[in-house]
Every structure is written in structure tokens, then in C-alpha cells.
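For the protein sequence lines, the chains are G and W, in the order given.
So the first sequence is numbered by the working numbering: it starts at 48 and just counts up by one.
So the second sequence is numbered by the working numbering: it starts at 2 and just counts up by one.
Since the structure comes first, as C-alpha cells, the remarks are kept for the end.
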Amino acid sequence: MSVPPEVPDRAHPDRPAGPPRPGGSVPPPPSGQQPEAVAEAAEAARRDAANRIIDTSSGQDDGLNKCPSCGSSEIRYSLTEKALVCSYCRHTWNEENAEEAFGLDSSIADLRGHTMASGTADVREDLTTVTLKCQGCGAEVVINVDQDLQARCHWCRQTLSINSQIPNGAIPDAVLPFQLTREEAIERIDAFTAKRRAFAHHRFKEEYVPDNVMGVYIPYLVVDGNMHAVLQGTGEVTTRQYTVTRGSGDNKRTETYYDADVYGVQRAFDLLVDDLTIESAERFNAQDNAQATNNILNAVQPYDTENAVIYNSNYLKNFTSERRDLNVRDVDDDVEDHFLAIARAKAVPTINRYDRGVRWEREGVAVRGTRWVSVYVPVWLYSYADSATGDSLTHYIAVNGRTGTTMGSVPVSHPKIFAVSCAAGTVAAVVGAIVGLSQFLF
Amino acid sequence: MLPLLAELSADPATMTLLAGSDSGAGGIAIPFIAGPAVFAAVYGGIYRYYRNTDKRHHFERETEVSVGNLRSGDRKVGENNRQQDRAMRGRNSTDHLQRVHRIAVD
Ligand SMILES: [Zn+2]
Ligand SMILES: [Zn+2]
Chain G
48 MSVPPEVPDR AHPDRPAGPP RPGGSVPPPP SGQQPEAVAE AAEAARRDAA NRIIDTSSGQ
108 DDGLNKCPSC GSSEIRYSLT EKALVCSYCR HTWNEENAEE AFGLDSSIAD LRGHTMASGT
168 ADVREDLTTV TLKCQGCGAE VVINVDQDLQ ARCHWCRQTL SINSQIPNGA IPDAVLPFQL
228 TREEAIERID AFTAKRRAFA HHRFKEEYVP DNVMGVYIPY LVVDGNMHAV LQGTGEVTTR
288 QYTVTRGSGD NKRTETYYDA DVYGVQRAFD LLVDDLTIES AERFNAQDNA QATNNILNAV
348 QPYDTENAVI YNSNYLKNFT SERRDLNVRD VDDDVEDHFL AIARAKAVPT INRYDRGVRW
408 EREGVAVRGT RWVSVYVPVW LYSYADSATG DSLTHYIAVN GRTGTTMGSV PVSHPKIFAV
468 SCAAGTVAAV VGAIVGLSQF LF
Chain W
2 MLPLLAELSA DPATMTLLAG SDSGAGGIAI PFIAGPAVFA AVYGGIYRYY RNTDKRHHFE
62 RETEVSVGNL RSGDRKVGEN NRQQDRAMRG RNSTDHLQRV HRIAVD
């Protein structure tokens with residue numbers, strides 16, 4: 048699957064959607080031009096036209112993000128209320144469900160081409176500051192959008208927020224707010240490490256401070272896909288099982304043999320994939336565990352992304368959030384691999400008759416339509432960088448901020464494991480020697 | 002330590018040990034096989050229990066997916082007789098993450 052370069056659709060709203068151009072007959076390709084090139088261009092144009100953008104911006108201007116009840120800008124997300132709370136009048140509310148509000152829940156079977164929520168637009172690295180005019184007092188306030196999406200006006204002390212979807216990767220289409228409190232997360236992390244003390248590295252045990260647990264919003268691209276998959280390979284069915292006796296006397300032994308029929312196997316089916324999640328910050332790439340144990344973050348999934356709400360910067364207040372730095376086109380090959388893996392998993396129940404297994408040799412998907420949404424998901428994260436060992440691997444213990452699913456990596460003391468394994472190996476060798484000797488003697 | 006024991010018993014090396022050896026001739030080799038096998042199983046089991054390097058989200062099973070219009074095309078192409086393995090060679094029907102030759106599909 049290849050997602051076409053970003054979004055010329057918006058740039059040419061007046062371009063006719065369909066063929067043909069007025070005047071009737073299509074002119075023949077100019078001589079000298081490769082017919083393949085023409086075909087490619089036509090194909091690109093077709094895909095291009097099929098690219099659709101769904102605007103998920105809140106419609107609010109940047110600046111004061113006001114309480115709908117009293118107009119105050121002192122708003123924060125409360126974990127006890129599980130809602131935004133106005134510090135002034137105590138009004139509580141949540142933003143609308145993003146899928147419903149933006150029509151992102153329409154039937155996946157109807158998806159054609161690429162539909163992208165506007166929060167998935169290509170990231171611009173050069174955008175580092177945004178200057179806002181405070182509506183309270185008229186002062187100009189610079190927000191360093193590399194780090195913050197809110198700033199307090201120096202003059203009137205009101206909170207100014209970035210509400211528009213500036214394309215720096217920091218503003219998703221939707222946010223999945225934290226459900227689990229920090230205390231609940233620490234409990235789970237404590238329980239996780241308590242079971243893993245005996246062989247933990249002594250420095251980890253000494254330096255373990257559960258208070259360092261941080262609430263982090265991690266950016267994901269959530270993908271729906273409508274596709275047709277084809278798998279081809281070879282399968283075998285056992286037709287006969289028999290034993291053959293060889294040798295005689297003490298050397299007599301029996302061997303089991305299997306006869307099998309060999310089949311060419313093909314499966315073709317349609318797939319509708321709902322809310323496949325892909326890490327969209329490079330540093331959390333689940334396949335790259337060289338710097339940090341990213342597989343741990345990957346393993347606390349799934350998230351109930353269908354419950355994500357419309358982005359509001361107040362959800363992010365008092366939490367850390369990581370910016371998205373991967374674009375749709377950076378991950379689309381990976382997404383296609385995920386689609387293929389799903390197709391292979393879905394084929395399993397259809398090949399039961401091949402009791403000797405199936406060897407898939409060729410596979411492919413035709414992606415009819417996709418829909419992309421960027422979502423922040425909540426994680427309680429304890430990270431421990433073991434710098435003293437030199438490899439400076441960051442170990443994560445992560446708690447899914449919605450479900451409480453916990454997974455982690457605890458650095459081990461290799462000498463301790465070595466000692467215990469040696470002891471166990473020695474015991475096994477001695478027991479083995481006794482068993483072996485007894486067989487030999489009797 | 003119970004989860005650790007579970008991990009150990011899932012280890013193929015441990016399984017063969019638990020199953021015992023099958024022939025008298027191999028008896029004398031038991032200590033030389035059992036020692037290293039148990040060492041490796043214990044080492045690997047503890048390491049995995051602490052570091053969880055094998056853990057990931059099983060998206061291919063847990064993502065919500067509907068399947069339709071299944072078409073199967075199976076035909077016998079030959080026989081593979083007198084095989085000593087119970088399973089066919091190169092089977093990958095459960096290795097969903099292993100990619101094979103890509104074909105174009107319309
Ligand atoms: Zn209020
Ligand atoms: Zn002001």
C-alpha cells in the first residue's frame with residue numbers, strides 16, 4: 048500500500064472530481080512519452096483524487112480555552128472526576144467522542160482511497176514557536192510549541208492554549224484520557240517489581256523510586272482498513288502413519304513414518320480492520336529496542352481508542368506528552384505488514400484439515416480504503432536508565448492508563464542468574480547421572 | 002516464583018527432560034545433556050521473566066477484524082510419503098509476523 052504524498056486535495060478544491068475533462072475524447076499521449084509513465088500518472092491522479100481529509104479541528108481559536116459554564120481559563124483534568132474540571136466554578140465536563148463527532152465511525156466497508164483526519168497531516172519540524180495575542184489583556188505571548196501547548200499570560204495570568212491544529216505533531220485528532228489514578232498505577236508497578244526482586248540488578252533495587260512514575264500521552268496512528276487479501280502456499284494432510292522395525296536383538300528399534308498428500312492451498316477473503324494502532328513517535332518504535340525497551344509499551348495494549356474524545360489541551364496539563372514525528376507515509380509499509388499478519392491469523396481456522404501444516408509462500412493485499420486518525424493514549428510510565436553499565440538501555444515499566452494492564456523490564460544481575468542456573472544444572476546432571484547409571488547397571 | 006516454573010515447563014528442553022530418555026544407549030549421556038539443558042532453561046526462564054523481551058501486543062489476534070467472501074482454491078499436487086516428521090517442512094501457518102513473497106492483488 049502506498050499512501051500518496053500529502054493532500055493536494057485541499058489545495059485544489061476546484062479541480063473536477065471525476066473524469067473526463069470537457070471536450071470529450073481523451074487526447075492520445077504525446078509521442079515519445081512512455082505509456083507506463085502515463086499509466087502511472089493516471090494511477091497517481093486517481094489515488095490523489097481519492098484522498099479525503101476530515102477536518103477534526105475544534106474550530107476554536109488559539110488563546111483562552113474557556114469553561115463553558117463561567118468562562119474561566121483555569122481548567123484541568125481531574126482523575127477522580129475523570130473529567131475536565133473548572134477550578135473556579137467546579138463545573139465538570141468531557142469533550143465529545145471524537146469518532147462520533149467527526150463521523151470517523153462510518154462503515155469501514157464503505158472506505159475507498161485514503162481518508163485522513165486532519166491531525167495526521169505531515170509534521171513540520173521547523174515550527175517551534177507560536178505567538179498568541181491574549182484575549183484577556185491584548186499582550187503577545189510566545190508559546191514554545193516544542194514543549195508546551197499552553198502558557199500563562201505574564202500580565203493577566205490567564206492560561207492561553209493552542210487549540211488549532213498546528214502541524215508540529217503535538218496536536219492529535221483525539222485524546223484518550225487517563226482512567227487509572229497515579230496511586231493505582233504505582234500499586235501495579237510495585238506489585239510487578241516485588242515479584243522480580245531476587246535476580247534484579249542491585250542498582251535497580253537501590254534506585255527504584257516509584258514516585259518517579261509519570262503520566263505520559265503517547266501518540267498513535269489509528270488505522271481502519273478495507274482490503275482484499277490473497278494467500279498462496281502448500282499444505283499437507285497425513286494419509287497414513289505406520290511403524291517400521293529395524294535391526295534385531297539389542298539393536299532392534301521401531302521408527303514411525305508418515306505418508307501425506309500435498310496440496311496447493313489458496314485463500315482469498317475480504318478484511319475489515321478496525322482501529323489497528325501504530326506507534327507514531329520514532330523513539331517508541333516497537334521494533335527498535337536498542338535504546339529503550341519499547342516492546343514493553345507495545346505490550347500493554349490494547350486501548351479502547353473508540354472512546355477517545357476531541358482534543359483539548361487541558362487534558363494534557365500536568366502530564367507529559369510525546370509529539371508525533373512519523374507521518375502516515377512513514378508507517379504505511381509497516382501498516383501493510385500488519386494487515387498481512389492479520390490476514391494470516393484470520394486464515395488459521397480455514398486450514399484445519401492440513402494437519403501437517405501449511406507453508407505460505409506468496410501473500411498480498413489490495414487495500415481498497417483506509418482511514419487514519421491520530422490519538423494520544425495514556426500510559427503510566429516508570430523508566431530506569433541503567434547508565435552505569437555503559438549500554439545505557441532505558442528499562443520501562445508501563446501501566447495502560449485505561450485498563451491497568453502492566454508490563455515491564457527489570458534489569459537483571461547476570462552473576463546471580465548464572466549461579467542459580469549452574470546449581471540447577473548441576474542438580475540435573477547428578478540426577479541424570481543416577482538415572483543413567485541405574486539404566487546402565489540394571 | 003510460580004510463573005517462573007510455568008515458563009520453565011514451557012521450555013522445549015525441559016519438556017524432553019521431563020519426558021525422560023527413550024533408549025538405553027543414551028542413558029549414559031543423560032547427565033551431559035540434562036546439566037546444560039537445565040542450565041539454559043533456568044537462565045532463559047529467569048531472564049525472560051524479568052526482562053520480558055518476548056512480550057508484545059498481539060495485534061493480529063486482538064484487533065477487531067471482520068472477514069467475508071472467503072474463497073478457497075485447494076488442489077492436490079502430489080504426495081510426500083515416508084516422512085519421519087509429524088509436521089511438514091517449512092510450515093509457517095502460525096508465524097503470522099514472518100513475511101513471504103509479496104504478490105500483487107487486485
Ligand atoms: Zn467554570
Ligand atoms: Zn493576558
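Built from N, CA and C at the ideal position, the CB exists for glycine as well.
Hey, could you find the ends of the beta strand (DSSP E) residue i is sitting in?
| i | result |
| --- | --- |
| K180(G) | T176 to K180 |
| K252(G) | Where K252(G) is concerned, there is no enclosing beta strand (DSSP E), although the alpha helix (DSSP H) it sits in stretches over H249 to E254. |
| N447(G) | T441 to N447 |
| L207(G) | T206 to S208 |
| A198(G) | Q197 to R199 |
| E65(W) | E65 to S73 |
| M454(G) | T453 to G455 |
| N191(G) | E187 to N191 |
Under DSSP, the alpha helix (DSSP H) around residue i begins and ends at which residues?
| i | result |
| --- | --- |
| F33(W) | I31 to R52 |
| R391(G) | V375 to A394 |
| I343(G) | N341 to A346 |
| E146(G) | A145 to F149 |
| I233(G) | R229 to A241 |
Quickly, what does DSSP pair residue i with across the bridge? List them, please.
| i | result |
| --- | --- |
| W419(G) | M163(G) and V270(G) |
| T324(G) | V269(G) |
| N81(W) | A307(G) |
| S125(G) | A130(G) |
| R406(G) | T281(G) |
| Y289(G) | Y304(G) |
| M508(G) | Residue 508(G) lies beyond the residue range present for chain G, which begins at 48 and ends at 489; the question has no answer from this structure. |
| Q313(G) | Q279(G) |
| T367(G) | V263(G) |
| T103(G) | Note: T103(G) sits in no beta bridge, so no partner. |
| I155(G) | The partner list for I155(G) (beta bridge, DSSP) is empty, contrary to what the question assumes. |
| T139(G) | V132(G) |
| I357(G) | A221(G) |
| L496(G) | Residue 496(G) falls outside the range modelled here, since chain G spans only 48 to 489, and no answer is possible. |
| S414(G) | The sequence as given places Val at residue 414(G); Ser does not occur at that position. Answer is M274(G), bridged to V414(G). |
| H102(W) | R409(G) |
| G110(G) | S208(G) |
Can you round the beta-carbon distance between residue i and residue j to whole angstroms, since I take them to be within the 8 Å contact cut?
| i | j | result |
| --- | --- | --- |
| E410(G) | V320(G) | About 15 Å; that fails the 8 Å criterion. |
| I233(G) | V260(G) | 5 Å |
| P257(G) | K129(G) | Going by Cβ atoms, the distance from P257(G) to K129(G) rounds to 23 Å, so no, they are not a contact pair. |
| G499(G) | P32(W) | Outside the shown range of chain G, which is 48 to 489, sits residue 499(G), and nothing can be said about it. |
| A475(G) | G36(W) | 5 Å |
| G262(G) | F366(G) | 4 Å |
| I155(G) | D271(G) | 5 Å |
| A388(G) | H102(W) | Rounded, the Cβ-Cβ distance is 15 Å, inconsistent with contact. |
| V426(G) | V446(G) | 7 Å |
| A432(G) | S439(G) | 6 Å |
| V68(W) | K393(G) | 5 Å |
| V50(G) | A221(G) | At roughly 20 Å, the Cβ-Cβ gap does not stay under 8 Å, so V50(G) and A221(G) are not in contact. |
| R103(G) | S165(G) | Just to set this straight, residue 103(G) is Thr in the shown sequence, not Arg. Yes, T103(G) and S165(G) are in contact; Cβ-Cβ is about 5 Å, under 8 Å. |
| T162(G) | I101(G) | 6 Å |
Could you name the residues of chain A that residue i contacts, counting a contact when the two beta carbons are closer than 9 Å?
| i | result |
| --- | --- |
| L227(G) | Here chain A cannot be found, since the structure's protein chains are G and W. |
Worksheet item: Quick check: the stretch 202-218 of chain G against the stretch 162-181 of chain G, are there 3 or more CB pairs under 8 Å?
Response: yes
Worksheet item: Does the stretch 233-244 of chain G come within contact of the stretch 376-396 of chain G, defined as at least 3 CB pairs closer than 8 Å?
Response: A contact between stretches requires three or more CB pairs, one per stretch, nearer than 8 Å, and the stretch 233-244 of chain G fails this requirement with the stretch 376-396 of chain G.
Practice prompt. Can you give me, in chain order, the residues of the stretch 395-409 of chain G that have a beta carbon less than 7 Å from any beta carbon in chain W?
Written response: V395, T397, I398, R403, G404, V405, R406, W407, E408 and R409
Item to complete: Flag this pair as touching only if the stretch 76-91 of chain W and the stretch 356-375 of chain G have three or more C-beta atom pairs under 8 Å; answer yes or no.
Response: no
Fill in: Short-range partners of chain W found in the stretch 298-320 of chain G, where Cβ spacing is below 8 Å
R300, E302, T303, Y304, Y305, D306, A307, D308, V309, Y310, G311, V312, Q313, R314, A315, F316, D317, L318, L319 and V320
Practice prompt. With 9 Å as the limit, tell me which residues of the stretch 465-484 of chain G have their beta carbon closer than that to any beta carbon of chain W; keep them in chain order.
Written response: F465, V467, S468, C469, A470, A471, G472, T473, V474, A475, A476, V477, V478, G479, A480, I481, V482, G483 and L484
Item to complete: Residues of the stretch 145-156 of chain G with a CB closer than 9 Å to any CB of chain W: list them in chain order, please.
Response: I155 and A156
Worksheet item: Using a Cβ cut-off of 8 Å, which residues of the stretch 43-54 of chain W contact any Cβ in chain G, in chain order?
Response: Within the stretch 43-54 of chain W, the residues whose Cβ lies closer than 8 Å to any Cβ of chain G are, in chain order, V43, Y44, I47, Y48, Y50, Y51, R52, N53 and T54.
Item to complete: For the stretch 364-393 of chain G, enumerate the residues whose C-beta is nearer than 7 Å to any C-beta of chain W, in chain order.
Response: D384, H385, L387, A388, I389, R391, A392 and K393
Worksheet item: On the three-pair Cβ rule with 8 Å, is the stretch 294-302 of chain G touching the stretch 44-58 of chain W?
Response: Taking 8 Å as the limit for Cβ pairs, the verdict is that the stretch 44-58 of chain W does not touch the stretch 294-302 of chain G.
Worksheet item: Are at least three pairs of beta-carbons, each pair with one atom in the stretch 279-292 of chain G and one in the stretch 341-353 of chain G, less than 8 Å apart?
Response: They do not touch, by the three-pair rule.
Worksheet item: Should the stretch 148-168 of chain G be regarded as contacting the stretch 115-132 of chain G, the criterion being three or more beta carbon pairs within less than 8 Å?
Response: no
Worksheet item: Listed from N- to C-terminal order along the chain, which residues in the stretch 252-278 of chain G have their beta-carbon within a distance smaller than 8 Å of any beta-carbon of chain W?
Response: H275, A276 and V277
Worksheet item: For the stretch 175-202 of chain G, which residues have a beta carbon sitting closer than 7 Å to at least one beta carbon of chain W?
Response: Cβ contacts with chain W: none found.
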